[in-house]
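Down below is the structure, laid out as structure tokens.
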Amino acid sequence: MNSIKNVPARVLNRRPGHSLEAEREQFDKTQAISISKAINTQEAPVKEKHARRIILGTHHEKGAFTFWSYAIGLPLPSSAILSWKFCHVLHKVLRDGHPNVLHDCQRYRSNIREIGDLWGHLHDRYGQLVNIYTKLLLTKISFHLKHPQFPAGLEVTDEVLEKAAGTDINNIFQLTVEMFDYMDCELKLSESVFRQLNTAIAVSQMSSGQCRLAPLIQVIQDCSHLYHYTVKLMFKLHSCLPADTLQGHRDRFHEQFHSLRNFFRRASDMLYFKRLIQIPRLPEGPPNFLRASALAEHIKPVVVIPEEAPEDEEPENLIEISTGPPAGEPVVVADLFEQTFGPPNGSVKDDRDLQIEALKREVEMLRSELDKIKLEAQRFIAQLKGQVNALEAELEEQRKQKQKALVDNEQLRHELAQLRAAQVEGERNQGLREEAEKKASATEARYNKLKEKHSELINTHAELLRKNADTAKQLTVTQQSQEEVARVKEQLAFQVEQVKRESEMKLEEQSDQLEKLKRELEAKARELVHVQEALSRTEQSGSELSSRLDALSADRDELSRVVRQREADLLAAQSLAREKEEALSQEQQRSSRERDELQGRLADKESQEQGLQQRLLDEQFAMLRATAVEARRILQDAVGKLDDPLHLRCTSSPDYLVSRAQAALDAVSALEKGHAQYLTSRADASGLVAALTRFSHLTADTIVHGSATSHLAPTDPADRLIDTCRECGARALELVGQLQEQQALLQARPGLVRTPLQGILQLGQELKPKSLDVRQEELGAMVDKEMAATSAAIEDAVRRIEDMMNQARHASSGVKLEVNERILNSCTDLMKAIRLLVTTSTSLQKEIVESGRGAATQQEFYAKNSRWTEGLISASKAVGWGATQLVESADRVVLHTGKYEELIVCSHEIAASTAQLVAASKVKADKHSPHLSRLQECSRTVNEMAANVVASTKSGQEQVEDRDTMDFSGLSLIKLKKQEMETQVRALELEKTLEVERVRLGELRRQHYLLAGATGAPGEEEPSQPSAAPRSGTKKPPLAQKPSVAPRQDHQLDKKDASYTAQVVN
């Protein structure tokens, strides 16, 4: 067989195919077209087919690199609609695109945030929606990156949800909070869209409305899954935590449930959604998480997207597979060759030809296999590159997650510490909240009564404001009509000027034409003269010129005809100019008539405007009069309270009366300013109405609280306060009556009410309870100082007792040493118990100040509660004084210079002083406070220790006195009888002395209570404390002063047991 040495080049040409670069270019082109058609500035919804192609492109390249490469180049800051549609397409890509899209979008978070912030600062309807949508997208990206178990489509099984939640209750709690935040962003977007639809009165079938409504389909899909997951997690939380801890979660879920149910209901009523999505219906009420069996009643909401009819696809450019010649072309050539030369070799093919054909077929087959191998290799290379990119992205993500896990671990530790602290704080505040709720319920009842009267006044005020708005609207219409008249006048004047200019221009043109005709006529006349001269000169020439003369005469006739025609044109132009002048004069006359007519209409409008202005003034005064009438009723009601017998039970404090009087004085100043403004401009009475309303309320409040304060005041100040309140009410009623009349409005003097209000303010300040010896600003420092001094005194007492015990051990022995040690040990235990009580009282005091001061400072809290502060100061002084006295008495007993009874009395005095300190601290403390419980326990310990001191003293006294036994040896019967009589006399004397001392003790206690209850000036000296034995310059501190209220008749003193009964008025 012959072999082919040289194969033709056309045989070796391989069949061309698509390379990877061509395929990539075609893919980029398709994606660019789809993105440009999906994201544009037309106010119409994104077409589904374009979005589908973009989503398929993300699955093709396993990411969103191509999408973001084109999206970054879009002019998003130039158009809000373009940004809105970009957010919609991005939401679709996140939900339905490849899972790697989430990581690609994470790299462009800053771009998304910048677009949202840009449009959030601009007042554009779509811009506000773009701002909310970008926040939703950022929240979605963050959530799914933090919880990779949840795909971007949010569709997982209950087993995956259980696995993602885990068994740690803290993780479940945090996951529930994040889902709540996710749901809030979704619902906020839907509410903003519906709000704009209501504002624009758009219909869901219009393209503008559909452009806004289209993204809500993805919102509905997300919300249905989030609702189901939050229900599951809430039931799981309630199975592990108490119901009170999850009250905030339940309130937030109920709010989201009602918003979501309203959103689904409104969306299901729109025709636009009915053909695109099947929206589930939520139950009428939220699930009851307090009942575990309610989980079985929960039905998962399912969103169904119906199958869409295939849209008309746009024609695509077909790719030419083969670039070679048509198959029929070689056949035609072969036929022509055979027809011309016949079949080669007598239609018998040579072996060479057969070998060539076999080689051709083999080459074609090898070429096709080679192309397949190349395509497969390229596909493998692309897959490997994609896997490498995916692995690199996963490696980068793992690094980021590692860093994030470290940060989250630190955050969780910090949050755990905060939660523990918050739990302790919450338990402490629980009791405070219950007490505040009780007080709030009582306050709410009073507030409702005031609210009813206030609502009536608000309704009256609102009606007057509506009338004022109508009047202002009519005035605006009048001004617009005036502006329209002026604009019409300007247009007419402009038209008149334009007509004048046109007529003048036409006259100038006609005059120019006339002058031109005159110049031509003169030229022809000169030519005619020249012709006549030439004719006279040529008359001599003879008959040969006669023909020329005839021609010239013909020319002359023609010229005369032209001259006549020009003259006729001139006359026509003059007549036309006269017609224009007549038309212009007629137009001027018509414009003058229209001007007169418009001036008449303008005069009518001005008269109407004056009427409206007068009506506005009348309505403003009517509003003022109605406000004055209502103010008169309020003041009359307040003045009537002065003589109302039911009001006698109401009481108030001078401090509150002073604050009300000061506010009323400020209201008088505002009323004077509003009155002056109204007299300057009668068209605006809003300032005077507002000031009068505030003045009436505050003045009435001052009168009522002045009357209530007088019920606790002494007789003379109470009478003066009542008279001042009556004078204030009379002057206020007189002022309100003047404001109701037009003539008396100028003579109204609001400043006259200031004098009685100042009198009430002065009387209230006089009735205020006076401080001990410091100002209210120094009370806070005084409390800390006294508590510190008390602690120091107790520490000093403990140290002195230890010193006395050491001295007693060296100076005495036997029974005396035993008695002294027992007494000093009991005194030491008592001092330690008192020190613990003072420390606990200080902690409770700080808790009271922190919980009650609110936004005020500690000094302001002490100044506001001055009576309570003075009680603390007095109690702490008494405790310190008692500890000092106990140490001195114990010292004298040990040194045998004192009496055992002094120790007993000092123990009783310390028990009473600590009881006073406990009572003073308990007044404002929460009954559930742990510090209060410890303080009461410490008080009981102090009482027990004081009883131990008394028992030790009595037993020691008995033990010492037992040693002095009476010696009756050597006494006769007469001597014994004599000593018996002397002992009886001594007993009677002691009984008499005891009775006298008891009466004296009662008088001392009576004087003590009178001094404590009287109004003492600062710096007043206190009487010294009497005692059986002389004291070393010390005296018992005074008790806290009570308010300056004269003693009632029901305050009685029982002299038999020296007890004083006092009525406590809260």
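Residues in the sequence shown are numbered from 7 upward in steps of one, following this note's numbering. Just so it is clear, CB atoms sit at the ideal spot from N, CA and C, and this is done for glycine as well.
Check: Shortest alpha-carbon distance to R688 belongs to which of V635, S675, L751 and A706?
Finding: Taking R688 as reference, the option from V635, S675, L751 and A706 with the minimal CA-CA separation is L751.
Notebook entry, point to check: With C-beta atoms as the reference, is F149 less than 7 Å away from S196?
Noted result: Taking 7 Å as the cut-off, the Cβ atoms of F149 and S196 do not count as close.
Next item on the list: Decide if the stretch 504-513 is in contact with the stretch 659-666; the criterion is three or more beta carbon pairs, one per stretch, under 8 Å apart.
Entry: no
Next item on the list: Please list, in chain order, all residues of the same chain as A803 whose beta carbon is under 6 Å from its beta carbon, the five residues on each side excluded.
Entry: M837, A889 and V893
Notebook entry, point to check: Beta-carbon separation of P51 and Q227 under 7 Å?
Noted result: no
Note to self: Let me check you understand the geometry: is the CB of D575 closer than 6 Å to at least one non-hydrogen atom of the ligand NAD?
What the structure shows: With respect to the ligand NAD, the structure offers nothing, as it holds no ligand at all.
Check: Looking at C-alpha atoms only, which residue of T705, H711 and A676 is the closest neighbour of L694?
Finding: A676
Check: To the nearest angstrom, how far is it from the Cα of S1050 to the Cα of S927?
Finding: Residue placement at S1050 cannot be trusted, given a pLDDT of 35 that sits under 50; what the coordinates show is reported in the next sentence. If you take the alpha carbons of S1050 and S927, they lie about 22 Å apart.
Check: Sorted by chain position, which residues of the same chain lie with C-beta nearer than 7 Å to H726's C-beta, five sequence neighbours on each side aside?
Finding: According to the sequence displayed, residue 726 carries Arg and not His. Excluding sequence neighbours, R726 sits near L769.
Next item on the list: Under the assumption that T699 contacts L463 (Cβ atoms under 8 Å), give the Cβ distance between them as a whole number of angstroms.
Entry: 7 Å
Margin query: Taking only three categories from DSSP, how would you classify V929?
Written below: Taken through DSSP and simplified to helix, strand or coil, V929 comes out as coil.
Notebook entry, point to check: If you run the structure through DSSP and keep just helix, strand and coil, what is Q211?
Noted result: coil
Item checked: the stretch 53-63 in contact with the stretch 26-44 per 3-pair CB rule at 8 Å -> yes
Note to self: Tell me the DSSP secondary structure of V310 in three-state form.
What the structure shows: strand
Item checked: H2 - containing alpha helix (DSSP H), residue span -> The chain is shown only over 7 to 1072; residue 2 falls outside these bounds and no answer can be derived.
Check: Can you list the beta strand (DSSP E) stretches of 3 or more residues lying completely in the stretch 808-837, in chain order?
Finding: You should have found no qualifying run.
Next item on the list: Look up Q683 in the DSSP assignment and say whether it is helix, strand or coil.
Entry: helix
Item checked: Run of the alpha helix (DSSP H) containing P286, from where it starts to where it stops -> It is not in any alpha helix (DSSP H) - P286 carries neither H nor E in the DSSP assignment.
Next item on the list: Check L195 in the structure and name its three-state DSSP category.
Entry: helix
Next item on the list: Look at the alpha carbon of H244 and the alpha carbon of L296, and state the distance between them as a whole number of angstroms.
Entry: The straight-line gap from Cα to Cα measures roughly 7 Å.
Next item on the list: Determine contact between the stretch 175-190 and the stretch 110-128, defined as no fewer than three beta-carbon pairs at a distance below 8 Å.
Entry: In short, these stretches do not touch, since the Cβ pair count stays below three.
Check: Would L3 be called buried (16 or more neighbouring beta carbons within 10 Å of its own) or exposed?
Finding: Residue numbering for the chain in the displayed model covers 7 to 1072; residue 3 lies beyond these limits and cannot be assessed.
Next item on the list: Report yes or no: do the stretch 64-81 and the stretch 243-260 share at least 3 C-beta pairs separated by less than 8 Å?
Entry: no
Next item on the list: Within 10 angstroms of the Cβ of H816, are there 16 or more other Cβ atoms? Answer buried if so, exposed if not.
Entry: exposed
Item checked: Where N435 falls: helix, strand or coil (DSSP) -> Three-state DSSP puts N435 in a helix.
Checklist line | Cα-Cα separation between P286 and L219, rounded to whole angstroms | finding: Approximately 17 Å, taken between the alpha carbons.
Margin query: Using the Cβ count rule (16 or more neighbours within 10 Å means buried), how would you classify R737?
Written below: buried
Check: Given E441, which residues of its chain have a CB within under 7 Å of its CB, disregarding the five upstream and five downstream residues?
Finding: D932
Checklist line | Close-in-space but distant-in-sequence residues of the same chain around G835 (CB under 7 Å, 5 per side omitted) | finding: A small fix is needed here, since residue 835 is Asp in this sequence, not Gly. Here the set comprises M951 and N954.
Margin query: If you measure between the beta carbons of V948 and L843, is that distance less than 7 Å?
Written below: Taking 7 Å as the Cβ cut-off, V948 and L843 qualify as a contacting pair.
Checklist line | DSSP three-state assignment for M276, whether helix, strand or coil | finding: coil
Next item on the list: For A724, I'd like the list of residues in its chain whose CB is within less than 7 Å of its CB, leaving aside the five on either flank, ordered along the chain.
Entry: S716
Margin query: My output table needs one value for I464: the three-state DSSP class, helix, strand or coil.
Written below: helix
Notebook entry, point to check: Helix or strand or just coil, what does DSSP make of N415?
Noted result: helix
Note to self: If contact is defined by three or more beta carbon pairs under 8 Å, each pair taking one atom from either stretch, is the stretch 510-530 in contact with the stretch 594-613?
What the structure shows: no
Next item on the list: Would you grab the beta carbon distance between P762 and E733 for me? Rounded to a whole angstrom, and I think it's under 8 Å.
Entry: 4 Å
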